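The listed protein sequences correspond, in order, to chains A and B. Each residue of the first sequence is one higher than the one before, counting from 159 in the numbering used here. Each residue of the second sequence is one higher than the one before, counting from -14 in the numbering used here.
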Amino acid sequence: MNRAAAPAGSDAPPAGSLGREGRARRLLARPETGVLIGALAVYVLFYAAAPAFRQLDSLSTVLYQSSTLGIVGLSVALLMIGGEFDLSAGVAVVSSALTASMVAFQLTLNVWTGVLVALVLSLAIGAFNGVMLVRTGLPSFLITLGTFLMLQGLNLALTKAITGTVATDSISDMEGFDQARNVFSATLTVGGTDVRITVLWWIGFACLATWVLLRTKYGNWIFAVGGGQESARAVGVPVAFVKISLFMLVGFTAWFVGMHQLFAFNTVQSGGGVGNELLYIAAAVIGGCLLTGGYGSVFGPVVGAFLFGMVSQGIVYADWDPDWFMFFLGAVLLLATLLNLSVRRRATAVRRTRGKAGRA
Amino acid sequence: MTAGTVPPLVELAGVGKSYGPVRALSDVRLTVRAGEVACVLGDNGAGKSTLIKIITGLHRPDEGEFRVDGEPVRLSGPRAALGLGIAAVHQDLATVPLMPVWRNFFLGSELTRGRGPFQRLDIARMKRTADAELRGMGIVLDDLDQPVGSLSGGQRQSVAIARAVHFGARVLVLDEPTAALGVKQSGVVLKYIVAARERGLGVVFITHNPHHAYLVGDHFTVLRLGAVELSAARGAVSLEELITRMAGGAELAALRHELGQAAGGGAGAGPGEDGDDAGT
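Put into structure tokens, the structure is as follows:
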């Protein structure tokens, strides 16, 4: 031990060089720092510009908006940390809702049967994406783009073939509906303010995902397959399992939000969901997840989704022309990404200089 | 096995391997003993990669015998090789740069506590163990939470080596660990190779740099076009001879003659000294 200790001592950075300054730098280098600053700025902007935005009910509405985006955004973020994309997530939400609705209605079954069939289908779509990726080695961008287009076509074609219209029939009078609505789409009153249950599910899922990402083997593997797939494979991480299961996780959250939409509106429009997949990805990126994988958090994308919710509702409360919504969203995306980039660059640049100084 | 003689940790006897019509290795002999550094040298295409793949279980030889502790084995894959204590540290595959040191150290073999759905990482124990193990190899890091990518190239390799040692490696297979490193960083890695040898491990050090090999090696095997060009213990070969044999003795003499004619006789020493680098 002693013999070995001598040679390397000279190469190690001086002990104790990482004090208060180091902690501050590490805070800056955290994936969610940028988005927190951005969210705060947007909050202040609408707080100043829109009196209606200041009410607690408005916050609840913003949170609701954010949650439907954020629940799928969570799994898309984990997938992105694992190094992959899922462009099919937006329409997969609608596919799931359509399936549950039509299975229950056409076969006159308890709606829970439809819900379960939809869950199986959603997981299968995820598994299909994952298996295709692992087997072919093609970029997930291409594979899920294919799935996205196919699902979009299937949603329209099958719905029309089965119901004769572009929407499903209302299932609100069917057996099990009220119970299912309580699970997926209830409204609770907390301290005099109405809160949609999806907000609670969102927070719950986010806490669970954070725990899994940071405190479990599986979370360790997610970082590893995204940050260095071949290295991960070389040390025995089951890369295929991690990737496929991440896609199935996206399937699960798509199912969950699909069920929410079904039980909130009783009927499903078959052409919906297109474009949302990019919002999920944007929320993850704004939240500090590295587009190329291996880096990110769960909390960041949660704030990212909240930021989107604020913008979409804030424009309404501020009485601005909603036509500008997408423009604002795009601008926020770019700004947040730039902020993330500069924050991370500054943090790593300091570290790099320190490393060099330590070695010289 | 007769009493009194300890069989070598790993032994290749007359090993050959072909990929279709291409003969990558033929009749290769290699012996790795505990507490020894066996250097495998060779230019690009000499068969070094094939040799590594056989030792680490990725490929199986077509001819000859592969023995571990004196017993002939047929490895089914890298997992099987690891099970026998043969661990590969690849130049690029060693670590995940964006992950903290301690996560890298235990990647794929994480320590956990709790059961079933409550099974979670035992972070404190992992950090403690990684720190102790790294210090044992002479690597002192003040912050195990820093990403491995922020370490120097030499330290990064060393973390991978310390990890392999911790997880029960008896034979380390180091694939060009100094290839991408500068002089100082190469020195760091060479120190850890010596540290591993001092701990009683067998080391297979694959390199195309005879200078690095000669600094730490106990035995030298030079591969050339898939066959053993030279196999000699440290005392039986000089650095100059190693360099010449690596560059392909007779061919090099012919080349020197040609260049000498072209340049009027002044460039004689150049190609010989740089023979190892010219092969990239």
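All C-beta atoms in this analysis are idealised placements derived from N, C-alpha and C, irrespective of residue type, glycine included. Keep in mind the model is a prediction, meaning the values are calculated, not measured.
Annotated three-state conformation of C365 of chain A is helix, per DSSP. For A441 of chain A, no beta strand (DSSP E) encloses it; the enclosing alpha helix (DSSP H) starts and ends at 434 to 444. Of the residues A:I402, A:R354, A:G350, A:A210, the one whose Cα lies closest to the Cα of V341 of chain A is A:R354.
DSSP places F190 of chain B inside the beta strand (DSSP E), whose first and last residues are 187 to 192. At the C-beta level, S216 of chain A and A325 of chain A stay beyond 8 Å of one another. I229 of chain A is positioned such that its CB atom lies closer than 8 Å to that of F363 of chain A. Shown here is that no member of the region 309 to 335 of chain A has a Cβ falling below 7 Å from a Cβ of chain B. Shown in chain order are the members of the region 376 to 407 of chain A whose Cβ falls below 7 Å from a Cβ of chain B: N378, F381, A382, G385, G386, E388, S389, A390, A392, V393, G394, V395. Shown here, G377 of chain A sits in a helix according to DSSP, grouped into three states. Counted as a single uninterrupted DSSP element, the stretch harbouring E190 of chain A is not any beta strand (DSSP E), since DSSP gives it neither H nor E. Residues of the same chain with a CB within less than 7 Å of the CB of V461 of chain A, apart from the 5 flanking positions on each side, are E190, V193, L194, A197, G445 in chain order.
At least 8 Å separates the beta-carbon of D130 of chain B from that of P63 of chain B. Put simply, the CB of R188 of chain A is far from chain B, with every gap to its CB atoms at 8 Å or more. Among the residues facing chain A, L106 of chain B is included, as its CB has a counterpart in that chain under 8 Å away. Residues L26, P195, A198, Y199, F205, V207, L215 of the same chain have their beta carbon placed closer than 8 Å to that of L227 of chain B, with the five preceding and five following residues left out of the count.
Closest in C-alpha terms to F263 of chain A, from the list A:L214, A:M308, A:G334, comes A:G334. In the structure shown, A212 of chain B adopts extended strand secondary structure according to DSSP, grouped into three states.
With a cutoff of 8 Å on beta-carbon distance, A442 of chain A and V234 of chain A are scored as near each other. Of the residues A:V408, A:L232, A:S343, the one whose Cα lies closest to the Cα of L420 of chain A is A:S343. In this structure, DSSP gives E118 of chain B a helical state, which the three-state scheme calls helix. Just measuring C-alpha positions, the residue of B:A19, B:V7, B:T163 sitting nearest S143 of chain B is B:T163. L437 of chain A places its beta carbon less than 8 Å from that of L227 of chain A. Among the residues of chain B, none has a CB under 9 Å from the CB of G295 of chain A; the nearest is roughly 17 Å distant. Using beta-carbon distances, R88 of chain B counts as an interface residue toward chain A, with a partner under 8 Å. For T347 of chain A, the number of other beta carbons within 10 angstroms of its own is below 16, and it is reported as exposed.
The beta-carbon distance between V408 of chain A and A255 of chain A, rounded to whole angstroms, is 16 Å. This is too long to meet the 8 Å contact definition.
Within the region 435 to 462 of chain A, the residues whose Cβ lies closer than 7 Å to any Cβ of chain B are, in chain order, G452, Y453.
Put simply, the CB of T374 of chain A is near chain B, with a gap under 8 Å to one of its CB atoms.
In the DSSP secondary-structure assignment, E(-4) of chain B is bridged to B:T16, B:R52. Taking 8 Å as the CB threshold, H151 of chain B stays off the interface with chain A.
In this structure, the straight-line span from the alpha carbon of I283 of chain A to that of A199 of chain A is close to 38 Å. DSSP places T321 of chain A inside the alpha helix (DSSP H), whose first and last residues are 298 to 321. The Cβ-Cβ distance between A72 of chain B and A149 of chain B falls below 8 Å. Chain A has no Cβ within less than 8 Å of the Cβ of L186 of chain B. Taking a C-beta cut-off of 9 Å against chain A, the contacting residues of the region 88 to 102 of chain B are R88, N89, F91, L92, G93, S94, E95, T97, listed in chain order. Nearest in C-alpha terms to G42 of chain B, of all of B:A65, B:R184, B:A23, is B:A65.
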